[in-house]
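Asker: Each residue of the sequence shown is one higher than the one before, starting from 518 at the first, in this note's numbering. Just so you know, even glycine gets a beta-carbon here, dropped at the ideal spot from N, CA and C.
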Amino acid sequence: MRNYGLAVVAALSIGSTAYAQGDAVTATIPLNHIDAKTVATKVKILPGIDQLTCDFNTNSLIVRGTQTSVDSFKSEVQQVDVEPTIYQFNMRMVQYRVNADGKVAEMTLMSPVITTTGDTPASCSLLDGQAGFTLAVTLVKATEGKPTSLTVEVEQTDDQGEIICSGKHKHDVLLGKANRFVGMTDATDKALRAAAGRGVIVTDKGAYTGYYVEVTPMVQTVVGPTP
518 MRNYGLAVVA ALSIGSTAYA QGDAVTATIP LNHIDAKTVA TKVKILPGID QLTCDFNTNS
578 LIVRGTQTSV DSFKSEVQQV DVEPTIYQFN MRMVQYRVNA DGKVAEMTLM SPVITTTGDT
638 PASCSLLDGQ AGFTLAVTLV KATEGKPTSL TVEVEQTDDQ GEIICSGKHK HDVLLGKANR
698 FVGMTDATDK ALRAAAGRGV IVTDKGAYTG YYVEVTPMVQ TVVGPTP
């Protein structure tokens, strides 16, 4: 293995190649939407690449190898160096109370709008000190024709920050459509708790209090090039 270390830039260690050094070409690849460090985890180093250097000051890559390998590497980098999509989640957290007769009264506790890029988790909280509610959402982008999935978590904490009740649910969603996603309750009945965890309001289990989260995922806009 060859180790290339520089004071200002970081060089990855690439295996030796069999071609003559006189056949090598060097190319600089500027990055617009991802950082140089990310490339190391997303792009496979092809045979024929002798050295790859990440210049964090200019956010660019310096690659040396055969002409064919360098050209192929450039193509691979261009496929991952793309504008990330911003997703917007219009959320509504609702508290509901079911009385002994099965009648339901609802009250919206908060209606946050959360934005994030790609599958980066995002969250928001409604707290008074340490007591209150926290919502977290993660979008799994569709790949190879598979449906888009969304994971939503909700927690209620007390004055000491201890979790009183929580819920987490994942299922397929359509962009632009409201989905009643996840819920929780402080009820002790297991069947009722399981139903509430899916965001289902049960009206034949007596009086209790529960919560559900409704989410409408949308594509907001596209991030411009990184300065």
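(1) Mind checking Ile564: buried by the 16 CB within 10 Å criterion, or exposed?
(2) Would Thr570 and Asp540 qualify as a contact pair, given that the criterion is a beta-carbon distance under 9 Å?
(3) Return the chain-ordered list of same chain residues with a C-beta closer than 8 Å to the C-beta of Leu548, the five sequence neighbours on each side being excluded.
(4) Cβ atoms of Ala617 and Ala724: under 9 Å apart, would you say?
(5) Closest by CA to Gly646, which one among Val587, Gln677, Lys687, Thr543?
(6) Could you give the DSSP three-state label for Ser586: helix, strand or coil?
(7) Please determine, among Pro629, Arg609, Ser592, the residue with the shortest C-alpha to C-alpha distance to Ile546.
(8) Pairing CB atoms from the region 686 to 699 with CB atoms from the region 727 to 734, are three or more of them under 8 Å?
(9) Skipping 5 residues on each side, what residues in its chain have a beta carbon closer than 7 Å to that of Lys694?
(10) Sorted by chain position, which residues of the same chain lie with C-beta nearer than 6 Å to Met624's C-beta, five sequence neighbours on each side aside?
(11) May I ask which residues mark the beginning and end of the beta strand (DSSP E) holding Lys687?
Answerer: On the basis of the supplied data:
(1) The identity of residue 564 in the sequence shown is Pro, whereas the question assumes Ile. By the 10 Å Cβ count, Pro564 comes out exposed.
(2) Cβ distance not < 9 Å, so Thr570 and Asp540 don't count as in contact.
(3) Counting only Cβ-Cβ distances below 8 Å, and skipping sequence neighbours, we find Val556, Asn576, Ser577, Leu578, Val594, Asp598, Thr743.
(4) Going by C-beta atoms, Ala724 is nearer than 9 Å to Ala617.
(5) The closest CA to that of Gly646, considering only Val587, Gln677, Lys687, Thr543, is found on Gln677.
(6) For Ser586, the secondary structure class from DSSP, reduced to helix, strand or coil, is helix.
(7) For Ile546, the closest alpha carbon among the candidates Pro629, Arg609, Ser592 is that of Ser592.
(8) Segments in contact, yes.
(9) Within the same chain, Lys694 has close Cβ partners Thr733.
(10) Within the same chain, Met624 has close Cβ partners Gln612.
(11) DSSP places Lys687 inside the beta strand (DSSP E), whose first and last residues are 680 to 690.
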